[in-house]
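If you count the sequence shown from 1, position 161 lands on 161 in UniProt numbering, and the numbers rise without skipping. Think of the CB as a built atom: it goes at the ideal place given N, C-alpha and C, for glycine as much as any other residue. This report concerns only the one structure given below.
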Amino acid sequence: MLPDEDRVMHTASSLAFNDAQWLEQEKGIKYVYHKLVTRDLAHRLGVKMVRSKILNKHRVNPKPTLPEGETFGQREELTTRIQGILKDYPFDVTILKELLQNADDAKATKMYVILDKRTHEGGCLLSEEWQDLQGPALLVWNDSVFSETDIKGIQKLGKGNKQSNADTIGQYGIGFNSVYHLTDCPSLITAGSLCIFDPHCKYTPDSSVTSPGEKFNLTERFWSHFPDMKPAYLQCNLNGPSECMEIRSGSLFRLPLRYTQELVDASEIVNTKLEVFEEVVSAKKNARVSREVGSTNEAVNVLS
Numbered sequence: 001m002l003p004d005e006d007r008v009m010h011t012a013s014s015l016a017f018n019d020a021q022w023l024e025q026e027k028g029i030k031y032v033y034h035k036l037v038t039r040d041l042a043h044r045l046g047v048k049m050v051r052s053k054i055l056n057k058h059r060v061n062p063k064p065t066l067p068e069g070e071t072f073g074q075r076e077e078l079t080t081r082i083q084g085i086l087k088d089y090p091f092d093v094t095i096l097k098e099l100l101q102n103a104d105d106a107k108a109t110k111m112y113v114i115l116d117k118r119t120h121e122g123g124c125l126l127s128e129e130w131q132d133l134q135g136p137a138l139l140v141w142n143d144s145v146f147s148e149t150d151i152k153g154i155q156k157l158g159k160g161n162k163q164s165n166a167d168t169i170g171q172y173g174i175g176f177n178s179v180y181h182l183t184d185c186p187s188l189i190t191a192g193s194l195c196i197f198d199p200h201c202k203y204t205p206d207s208s209v210t211s212p213g214e215k216f217n218l219t220e221r222f223w224s225h226f227p228d229m230k231p232a233y234l235q236c237n238l239n240g241p242s243e244c245m246e247i248r249s250g251s252l253f254r255l256p257l258r259y260t261q262e263l264v265d266a267s268e269i270v271n272t273k274l275e276v277f278e279e280v281v282s283a284k285k286n287a288r289v290s291r292e293v294g295s296t297n298e299a300v301n302v303l304s
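Structural data, given as structure tokens:
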């Protein structure tokens, strides 16, 4: 039993630890109140984090809670599976060609490849671990919108939906996973949702081996809860309001780069640090994606 802010005792599981102190206290949430209860101790005692409770309000589909000990059987680590896929998709022009193919299959008429060299603020995020994803990133935008079928298809490791639709040859499927050469945690904004792929089950609070990722309803309230994430997804002006509005539509992939040796060492997918800018420029030329779009922000290189 632990006290809340009114010093009323509750079971640990019914309380929340305030790990989002930049936010006003949420109605309906009882906060643990004791100066000796740290974040780590609260976690060990079974207290939920406030960020986790808030994220549950944004989650598209609440995750089922399995009784402890219910899962059983052999399984392959997702990171190990992805390692095997990367052997068939070397880091070269393949990555951009896969993303270009995705855009083409989705009937897109525009595609931008953006190398964002900035490091964004790391305080108001959906998890402490997300700070590692706030550094330089490769972003790929196109002016199409993913359907629910598309979103389901891109989650599949073995194959996409191309067998069931002759008009979408090459769409999504195993080739998308070539992006893991660059990142441990790709994400996608499309159709009013933020989809996060988290094979390490590390960056989103409630990811698990049975559900290694999250899908959130992307609203202004979500951005107000986690404002430091907004600039990283280019939800602010680059060259002016018109370009900003364009980026806010369509579909935007964000691929946070392993830009330090520490991030490479922590990865269970790769063990080599890539010089991404030079490789992307080379891949861009080889893929015949040739026209450059200028940016007034010198830290953001926009390629189309």
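Residue i classed as buried or exposed, judged by whether at least 16 other C-beta atoms fall within 10 angstroms
| i | result |
| --- | --- |
| P256 | buried |
| D132 | buried |
| C195 | buried |
| D40 | exposed |
| R258 | buried |
| P205 | buried |
| V209 | exposed |
| N271 | exposed |
| L66 | Note that L66 scores a pLDDT of 44, beneath 50, so its modelled location is shaky and nothing firm can be said. |
| S13 | exposed |
| S147 | exposed |
| Q261 | exposed |
| G28 | exposed |
| D265 | exposed |
| S164 | At S164, the pLDDT of 42 sits below 50, so the modelled position is not reliable; the number obtained from the coordinates is stated separately. When all chains shown are included, S164 counts as exposed. |
| G69 | Only weak support exists for where G69 lies, its pLDDT of 43 falling under 50; the value from the coordinates is given anyway. That one is exposed. |
Integer-rounded CB distance, given that residue j should sit under 8 Å from residue i
| i | j | result |
| --- | --- | --- |
| V47 | V32 | 5 Å |
| G250 | W130 | Incorrect: roughly 24 Å between the Cβ atoms, too far for contact. |
| R81 | L157 | 6 Å |
| residue 361 | D116 | Absent from the model: residue 361. The displayed extent of the chain is 1 to 304, so no value can be given. |
| D19 | E121 | Actually they are not in contact, since the Cβ atoms of D19 and E121 sit about 17 Å apart, beyond 8 Å. |
| Y203 | I269 | Contact flag wrong, Cβ pair sits at about 13 Å. |
| F226 | L125 | 6 Å |
| G175 | W22 | The pair is not a contact, with the Cβ atoms about 39 Å apart (cut-off 8 Å). |
Sequence-distant residues of the same chain with beta carbon closer than 7 Å to residue i, five excluded per side
| i | result |
| --- | --- |
| Y233 | I189, L252 and R254 |
| H10 | M1, L2, D4 and K30 |
| V145 | T190, A191, G250 and S251 |
| S267 | D184 and R258 |
| S207 | D198, C201, G213 and E214 |
| K273 | R258, Q261 and V264 |
| H58 | F216, N217 and F222 |
| R248 | Q235 |
| A103 | M111, N142 and S144 |
Same chain, Cβ closer than 6 Å to residue i, five either side skipped, listed in chain order
| i | result |
| --- | --- |
| G192 | L218 |
| P212 | L78, D198, P199 and C201 |
| S242 | Interpretation of S242 is limited by its pLDDT of 46, a score under 50 that renders its predicted location unreliable; the figure taken from the coordinates is listed afterwards. There are no such residues. |
| Y89 | S178 |
| T71 | Confidence in T71 is poor, its pLDDT being 48 and thus under 50, which makes the residue's placement unreliable; the coordinate value appears in the next sentence. Counting only Cβ-Cβ distances below 6 Å, and skipping sequence neighbours, we find nothing. |
| D150 | none |
| S187 | I196 and R254 |
| residue 314 | An answer regarding residue 314 cannot be provided, because it is not within the stretch 1 to 304 covered by the chain. |
| K107 | S144 |
Extent of the continuous alpha helix (DSSP H) run through residue i
| i | result |
| --- | --- |
| S52 | V50 to H58 |
| V264 | Q261 to A266 |
| K85 | Sequence check: residue 85 is Ile here, not Lys. Segment L78 to D88, the alpha helix (DSSP H) holding I85. |
| A106 | Where A106 is concerned, there is no enclosing alpha helix (DSSP H), given that its DSSP letter is neither H nor E. |
| K152 | E148 to I154 |
| R39 | R39 to L45 |
Nonlocal neighbours in the same chain, by C-beta distance under 8 Å from residue i, ignoring five residues either side
| i | result |
| --- | --- |
| G17 | Correcting the residue identity first, residue 17 is Phe in this sequence and not Gly. Y31, V32, V37, R39, A42, H43, V47, K48, M49 and V50. |
| R7 | Y33 |
| G84 | none |
| E26 | V50, K53 and I54 |
| K230 | W223 and C236 |
| T119 | Q134, G135 and P136 |
| S127 | R51, Y203, T204 and P205 |
| L45 | L2, A12 and V37 |
Start-to-end residues for the beta strand (DSSP E) that takes in residue i
| i | result |
| --- | --- |
| I114 | M111 to D116 |
| R254 | S251 to P256 |
| L138 | A137 to N142 |
The ligand COA heavy atom lying under 7 Å from the CB of residue i
| i | result |
| --- | --- |
| L125 | The ligand COA is not part of the structure shown, which contains no ligands of any sort. |
Chain B contact for residue i (CB, 8 Å cutoff)
| i | result |
| --- | --- |
| L218 | Among the chains in the structure shown there is no chain B, since it carries only a single protein chain. |
Worksheet item: Considering only residues of the region 180 to 221, which uninterrupted beta strand (DSSP E) runs meet the minimum length of 3 residues and lie entirely inside it, listed in chain order?
Response: Whole beta strand (DSSP E) segments, 3+ residues: 187 to 190, 193 to 197 and 213 to 217.
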